[in-house]
Amino acid sequence: MIGNPYGIWAIYRFEMARALRTLWQSLVTPVITTSLYFVVFGAAIGSGMQEIDGVEYGAFIVPGLIMLSLFTQSIFNASFGIYFPKFTGTIYEILSAPVSAMEIVIAYVGAAATKSIALGLIILATAALFVPIRIEHPLMMALFLVLTAVTFSLFGFIIGVWAQGFEQLQFIPMLIVTPLTFLGGSFYSISMLPEPWRTITLFNPVVYLISGFRWSFYGTGDVGVVWSLLATFGFMITCLVAIAWIFRTGYRLKA
Amino acid sequence: MTSVIVAEGLGKTYASGLEALKPTDLTINKGEIFALLGPNGAGKTTFISLVCGIVSPTAGKVSVEGFDIVADYRQARNRIGLVPQELTTDAFETVWATTRFSRGLFGKAKDDAYLEQLLKDLSLWDKKTTKIMHLSGGMKRRVLIAKALSHEPDILFLDEPTAGVDVELRRDMWAMVRKLRERGVTIILTTHYIEEAEEMADRVGVIAKGRLILVEDKTTLMKKLGRKTLTLNLQEPLSAVPADLSDYDLTLKAEGQELEYSFDANREETGVPDLLRRLSDAGIGFKDLNTRQSSLEDIFVGLVHEERAA
């Protein structure tokens with residue numbers, strides 16, 4: 001039940017204003033990084049690669065690259081959003097305000113997801129400058145984009161609450177999410193892997209997310225699209241349960 | 001008298017086992033200025049944090065204008081503004097943006113005219129586009145007050161509002177607090193400056209080691225626990241208090257030039273005329289005399305000292 005829409009809007013606007021203040025860091029840096037990926041993997045290496053599932057290699061990696069940015073930026077934006085007030089002490093105002101736990105999550109996660117989705121679309125537009133892209137299932141593409149941004153923003157929110165220092169804030173994105181993304185088929189199809197690596201890779205949840213997103217572009221994926229949707233929803237529900245527990249117990253938010 | 005905050009057995013014990021606030025009963029009345037006094041770590045901020053929802057109680061309950069702070073947290077928190085002890089602000093935000101943020105956060109629709117007047121009242125209007133990081137400590141304190149008042153609360157908590165601010169700003173704040181009280185706002189303040197409580201408070205609570213030792217009307221407290229001191233400037237210095245005056249609470253000061261007599265001002269027989277007569281009989285003359293009422297600070301120090309000794 002939404003009882004304080006003004007409160008949600010205040011936090012959301014505050015978070016979006018922070019992104020605009022750090023526009024270079026929020027948008028321009030990821031775009032430059034993605035462009036460099038295209039130069040390296042698309043032009044330099046990609047020219048020597050065969051087509052994968054009938055898709056030119058440069059175009060094949062676009063969904064994976066968008067997902068890579070979506071994962072890391074959603075986590076970064078949401079974790080920093082809730083961690084920074086904890087760090088500066090301004091969290092007192094959020095905790096003493098008439099906003100519910102759900103409203104706090106909607107505001108922080110909504111803002112983080114908005115930024116990530118905008119970033120994803122900018123990367124898509126940037127990619128279109130380098131390679132020919134087609135989107136066979138635009139609605140499903142939008143659904144995966146939104147679901148992934150929201151889910152990883154929820155995950156980022158949990159990390160932001162959990163973190164007790166800036167190094168902890170970086171720990172999970174750098175040491176877990178990025179490696180899983182690289183190993184999850186961002187730059188290749190897992191069908192290219194020999195056994196047993198191919199089977200082992202199926203235990204990487206990121207495979208399902210990238211595969212589903214790539215399916216929405218080119219109609220082919222490493223796993224069935226239903227499995228991709230189930231994996232995304234499963235991760236989202238896990239994050240929601242964890243956040244509900246955080247607010248119920250006050251874990252690292254409220255003594 | 002209408003009560004606005006009612007704490008019943010309110011207590012907080014942290015997971016570490018630290019009992020920051022022992023079960024406390026306290027009622028704050030509408031429109032009063034209530035000063036909560038206590039040394040560092042006494043439990044003042046814990047009490048405020050519990051009422052404001054920043055910390056979860058482990059015992060008892062609190063209601064704000066009849067609304068339970070847990071079950072009816074929205075209604076309870078809507079009515080409260082909090083100025084925290086630490087200067088915790090969003091350094092990169094402007095004064096205007098952060099004040100608008102606070103109003104929205106507390107569920108109030110945009111009202112730029114109200115916020116403009118608020119910033120003008122706090123002498124912040126000419127700084128409205130300044131980033132908080134560029135403000136002085138005193139100005140940051142004013143910003144925190146503006147944020148706390150941005151949603152027009154009925155109750156204002158001021159946690160050490162004048163810590164580290166200059167005399168002029170302190171006077172301004174006292175004037176502002178009085179103005180708020182005239183508008184019907186209930187004010188609960190914690191302070192280390194006992195003179196502040198003495199100057200402004202209607203009632204005083206003293207807290208030490210997590211226990212609320214007493215709650216009393218300030219004037220009554222000063223009457224009840226206040227003592228007076230008679231100081232006599234002697235014509236000739238004494239090396240010791242004469243033995244035949246040992247039944248009086250006498251102390252020699254200023255290398256024997258001053259004789260101090262401490263007495264209960266509320267007693268019918270203060271003993272002053274008798275002491276003066278006996279001094280005259282003993283041939284001890286004095287050039288001048290004066291009396292002084294003990295301050296709230298003297299009372300506070302005495303109470304805390306007793307609690308620590310207990």
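Going down the list, the sequences are from chains Y and F.
Sequential numbering from 1 applies to the first sequence in our numbering.
Sequential numbering from 1 applies to the second sequence in our numbering.
The beta-carbon is built from N, C-alpha and C at its ideal position, and this holds for glycine as well.
By the criterion of at least three beta-carbon pairs nearer than 8 Å, the segment 156-168 of chain Y is in contact with the segment 63-80 of chain Y. Judged by DSSP in its simplified three-state form, Ile80 (chain F) adopts strand. Membership of Gly64 (chain Y) in the alpha helix (DSSP H) is indicated by the continuous run Tyr57 to Thr88. Here Glu196 (chain F) has Ala35, Thr162, Arg170, Trp174 and Leu189 as same chain residues with Cβ atoms under 8 Å from its own Cβ, once five neighbours each way along the sequence are excluded.
Going by beta carbons, Gly210 (chain F) and Ala76 (chain F) fall outside the 8 Å limit. For the segment 200-224 of chain Y, there are no residues whose beta carbon sits under 9 Å from a beta carbon of chain F. With a minimum length of 4 residues, the unbroken runs of alpha helix (DSSP H) contained wholly in the segment 199-264 of chain F fall at 218-225. The segment 11-60 of chain F is shown to contain whole alpha helix (DSSP H) runs of 4 or more residues at 44-52, in chain order. Judged by pairs of C-beta atoms under 8 Å, the segment 117-126 of chain Y does not touch the segment 45-54 of chain Y, as fewer than three such pairs exist. At a C-beta separation below 9 Å, Gly43 (chain F) has no neighbours in chain Y, since its nearest C-beta there lies roughly 14 Å away.
When the Cα atoms are used, Thr129 (chain F) and Gly60 (chain F) turn out to be separated by approximately 44 Å. Val55 (chain Y) and Gly221 (chain Y) have their alpha carbons spaced roughly 12 Å apart. Beta-carbon to beta-carbon, Gly250 (chain Y) and Thr232 (chain Y) are separated by about 29 Å, too far to satisfy the 8 Å threshold. Beta-bridge partners assigned by DSSP to Leu158 (chain F): F:Val83 and F:Leu189. With respect to chain Y, the C-beta atom of Ile54 (chain F) has a partner C-beta closer than 8 Å. Around Trp9 (chain Y), the beta-carbon contacts reaching into chain F at under 7 Å are Gly104. CA-CA distance, Leu180 (chain Y) to Asn204 (chain Y), rounds to 7 Å. Residue contact with chain Y for Leu303 (chain F): absent (no Cβ-Cβ distance below 8 Å to any residue of chain Y). Under the DSSP assignment, Lys287 (chain F) falls in the beta strand (DSSP E) whose first and last residues are Phe286 to Gln293. Residue state for Ile94 (chain Y) is assigned as helix, using DSSP reduced to three classes. Rounded to the nearest angstrom, the gap between the Cα atoms of Gly120 (chain Y) and Ser69 (chain Y) is 7 Å.
Across the set Y:Leu145, Y:Arg214, Y:Lys254 and Y:Ala112, the C-alpha of Y:Arg214 shows the shortest separation from the C-alpha of Tyr57 (chain Y).
Interface flag for Asn78 (chain F) against chain Y is set, since a Cβ pair is found closer than 8 Å.
Judged by DSSP in its simplified three-state form, Ala7 (chain F) adopts strand. Under a 10 Å Cβ-count criterion, Asn4 (chain Y) is classified as buried, with 16 or more other Cβ atoms of the shown protein chains found around its own Cβ.
Using a Cβ-Cβ cut-off of 8 Å, Gly107 (chain F) counts as an interface residue toward chain Y, since at least one Cβ of chain Y sits closer than that to its own. No residue range can be given for Phe92 (chain F), since it is assigned to no alpha helix (DSSP H) and is classified by DSSP as neither H nor E. For the pair Leu122 (chain F) and Ile145 (chain F), the CB atoms are nearer than the 8 Å cut-off. Residue contact with chain Y for Glu160 (chain F): absent (no Cβ-Cβ distance below 8 Å to any residue of chain Y). When only Cα atoms are considered, Gly271 (chain F) and Glu198 (chain F) end up about 28 Å apart.
Setting aside the 5 residues that flank it on each side, Lys127 (chain F) is surrounded in the same chain by Val95, each with a C-beta closer than 6 Å to its C-beta; the list follows chain order.
As a beta-bridge residue in DSSP terms, Phe67 (chain F) pairs with F:Val64. By the neighbour-count criterion, in which 16 or more other beta carbons inside 10 Å mark a residue as buried, Asn40 (chain F) falls on the exposed side. Every unbroken stretch of the alpha helix (DSSP H) spanning 4 or more residues and falling wholly within the segment 153-178 of chain Y is given here in chain order: 166-172.
Chain-ordered, the chain Y residues with CB closer than 7 Å to the CB of Pro84 (chain F) read Tyr92.
In the displayed model, Ile135 (chain Y) falls within coil according to three-state DSSP, outside both helix and strand.
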